[in-house]
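Numbering (our numbering), first residue to last: 1 to 1048. Yeah, the Cβ is synthetic: ideal placement off N, Cα and C, and Gly gets one too. In this text the structure is predicted, and so the values were computed from the model without any measurement. Structure first, commentary second.
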């Protein structure tokens, strides 16, 4: 695919009228400002900085008003303001900021002169406040101020708004915003979130407006990959504006770094040293109890220098972070047969022990240089490593014959008909008749680890900014990369299966399975009795051997993502009575993702292929599982690394390797995609007048145009695969014939525009109403763009990936009513509605594949139906948001240290779908036909849609002491839907977690904190079909974090 069109000249000359208009507007703006400078020679300029006298930080968003000029401006991110084109004379300036007392000063301006006036704001409450209270109070006030001053709908929060969080993770802050709902991972970590009902893969995460590389192929950014300690604050942008990327259906999370010029001191150092513990007075898994304490270290240093004859014109900052986020966990799974009435037996019972230590280390460097009063340059460099070297997982599963939720108990099944309730399931022993053990009950013991998971992220950004009287020019160039190495680590994955030695014939393949058991949950639903009911003794280690097809597996994969981006923005303030600003720009971004199945291998022991009565693998008698502690069940455990060396068999003579698997996976696991997105935009913002009713009414409107080009590459399988005999005889040649001859490249392209309009009105100085309409999109996962072909010769259907998938489009309406308390607080009511068109629907037929070598499949699959995902239906989302926070400094005595926050989100999603064939499974978004009527999908029918979320906090500070409660609620929601079999629908119970913390600030450079996370040990729980059928439970246990902190 040619990349000629990516040059700027090619981009403009392609007949894109709107591109020429936008770029012409840029040139026009650049030329217009020097003309206005001629008239400005008879006027002057007022400039200065606004800071907080108590914290010595400059203040962004402070309102500087000159009543005599009918002019009001806001300070920038370094706390500075500029009022240009001021006639000579003396003027009074008034500065206001939420939570601080207003201040008035006069300033005299001469013709052609620059008058400087700085302001230091304070409040009476600071006289009684400790350093910690002062710092957090300013952070909250800054974020409320930014939200109030915004032209669009968004929520803003300081990273320290909830004090020192136990892991300093960005996700711990995101989860507490209105409109955000998340489900913890199986390790209890918070890093994937739905925003206004939209899946994490359909939202965007940025830093200072620049996109980030993601992990995997689904576009979801995992927030555990970065520490919140790097940033000053975060904004959740819900109303998209033309000058930002439109690639978000629910909202964009933008992390904001602090300017090094935002402090008045010449240097400042902050630190936080903590220890995260699994205390002995709370229950833990045995393995976690052996490794109870792990450190979390964070140090930030900022310094301002005077260089090259300037004054405080060079600022630098460095942040160093190191964390060991150790976790332990237990899981139980009870899969039940599809029965909509009466009790349903358990056909698959699993337990899982997990221990992991996620280590993260990062360094963030930033340098700001003021070349002149009008020009500033910045360079930011970040390196972040997130790695796991010691994760161990042990899973024990007991599965009935057939291992299927559709298998009805009968005279031939393992589950005994009539011998089950919702609390007791009886399975009889069935002798095995095959090596695979498909006709009998099986007990498997799976061990993997220590696993490897390495994420290395690097980022460099250069920013230039030129600020003149009415003109601002900003440009950013950045490059970032992420390298992900994942796999089974140095131990590999060992899969042991129960067999009956008495039923084996030496020299022949082992027949696995044959045991029976009783699962009795009558006394304890989570930890049932597991009783032998015939067959081989499942507590005897000699009755286990590695499985026939995947006894030992080794996987090592690598994925690299390289992101390049450039942004050029021009903002011009028109010389008209009503404050009006035009802004236009050109943005360009490219993302390259490549992945390799570097080492994928599997082995079967020779003793499994040809039974040897004398051969067994030694188990690990020292391993004590949480399941054994709670139930006494003595299922033997093996350690994969005990029989391997660097993931391979320690003694290769005992194993047969599947060489064809290794060769074929080199093709299957190797592919990539590149995506280019140039964009232009133009917008206007301002107020309808300079004063009065019109002066209190503002707007922002414009349009963004984006072109998207993609090209993916990879290998796919042949229609007819080689035989098993051919694969054994020539594994390399068979893999080439099956995959290597089928190299594919898939192009994709589309062009879109995204208009938006935002309006607001200040009903009173503290009461603001907003209404907005905006558009955005959610791109298809990267994995959907990769080559992929799966034939079904029986049905004559070829299922393929679709590189031409367009994004899902969203038309968004927002209304909010915001009230701001003095001294610090706000109350917000909001309503939103989304219409999502071009909804991506899987399993749609594009027609029959034509004959000929150029049919797209090298002449194969003639007459097959081509089935793929396409843009089809429409889905609707509507919701309400309520948010409240306030610091009660007006209360008497010790009560003035109280503060509280609360937010609640309620969302509904619905749509219409239909089945592919009469009587088939309905699919959301699929257009109804005469033979497949419409089926209505409510929020209970859409997987992973979270309808409700709530957060609450209560904190109290008295002199040097502080304490707080943090509560989070995520509503019940479906995680898997089977429309035709409701008894198989899976739902996640609501989750309610409570964190408790306390602290003591001895002096500014020394404070103490103590935090207990999930102090009530709330488990994660799912049910299937009905609430009395619990399917899955995960316990992550309680952790306590103790630390010291301070500032110099």
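Whole-angstrom distance between residue j and residue i, CA atom to CA atom
| i | j | result |
| --- | --- | --- |
| residue 792 | residue 710 | 28 Å |
| residue 882 | residue 907 | 12 Å |
| residue 290 | residue 192 | 29 Å |
| residue 1012 | residue 1038 | 7 Å |
| residue 126 | residue 161 | Its pLDDT being 49, under 50, residue 126 is placed unreliably by the model, and nothing is read from it. |
| residue 288 | residue 1040 | 13 Å |
| residue 654 | residue 497 | 17 Å |
| residue 664 | residue 550 | 16 Å |
| residue 44 | residue 173 | 44 Å |
| residue 495 | residue 637 | 11 Å |
| residue 492 | residue 99 | 57 Å |
| residue 646 | residue 616 | 21 Å |
| residue 129 | residue 55 | Unreliable positioning characterises residue 129 in this predicted model, as indicated by a pLDDT of 46, which lies under 50. The coordinate reading is nonetheless provided below. Their backbone Cα atoms lie some 11 Å apart in a straight line. |
| residue 51 | residue 949 | 37 Å |
| residue 721 | residue 163 | 60 Å |
| residue 679 | residue 567 | 9 Å |
| residue 761 | residue 355 | 54 Å |
| residue 767 | residue 818 | 6 Å |
Extent of the continuous alpha helix (DSSP H) to which residue i belongs
| i | result |
| --- | --- |
| residue 662 | 659–668 |
| residue 105 | Here residue 105 belongs to no alpha helix (DSSP H); instead the beta strand (DSSP E) covers 100–109. |
| residue 783 | 782–785 |
| residue 634 | Segment: none, residue 634 is in no alpha helix (DSSP H) and carries neither H nor E. |
| residue 289 | 286–289 |
| residue 44 | Unbroken run through residue 44 is the beta strand (DSSP E), 44–52; no alpha helix (DSSP H). |
| residue 734 | 731–735 |
| residue 608 | 606–609 |
Host beta strand (DSSP E) of residue i (start-end)
| i | result |
| --- | --- |
| residue 329 | 314–336 |
| residue 809 | 808–821 |
| residue 421 | Careful: residue 421 lies outside any beta strand (DSSP E) and carries neither H nor E. |
| residue 63 | 63–66 |
| residue 1049 | Lying before the first or after the last residue shown, residue 1049 is absent from the chain, which here runs from 1 to 1048. |
| residue 1057 | This structure does not reach residue 1057, given that the chain is present from 1 up to 1048, and the question cannot be answered. |
Per-residue burial, residue i [other beta carbons within 10 Å of its own, 16 or more giving buried]
| i | result |
| --- | --- |
| residue 105 | exposed |
| residue 929 | exposed |
| residue 465 | buried |
| residue 243 | buried |
| residue 524 | exposed |
| residue 876 | exposed |
| residue 133 | Confidence in residue 133 is poor, its pLDDT being 45 and thus under 50, which makes the residue's placement unreliable; the coordinate value appears in the next sentence. Buried: at least 16 other Cβ atoms inside 10 Å. |
| residue 240 | buried |
| residue 673 | buried |
| residue 450 | buried |
| residue 650 | exposed |
| residue 140 | buried |
Beta carbon of residue i nearer than 8 Å to that of residue j
| i | j | result |
| --- | --- | --- |
| residue 844 | residue 926 | yes |
| residue 840 | residue 810 | no |
| residue 480 | residue 563 | yes |
| residue 798 | residue 739 | no |
| residue 944 | residue 955 | no |
| residue 269 | residue 1047 | yes |
Closer than 7 Å: residue i CB and nearest the ligand NAD heavy atom
| i | result |
| --- | --- |
| residue 686 | Within the structure as shown, the ligand NAD is missing, as the structure has no ligands at all. |
Three-state secondary structure assigned by DSSP to residue i
| i | result |
| --- | --- |
| residue 698 | strand |
| residue 744 | strand |
| residue 174 | helix |
| residue 576 | coil |
| residue 875 | strand |
| residue 939 | helix |
| residue 531 | strand |
| residue 720 | coil |
| residue 365 | strand |
| residue 520 | strand |
| residue 652 | helix |
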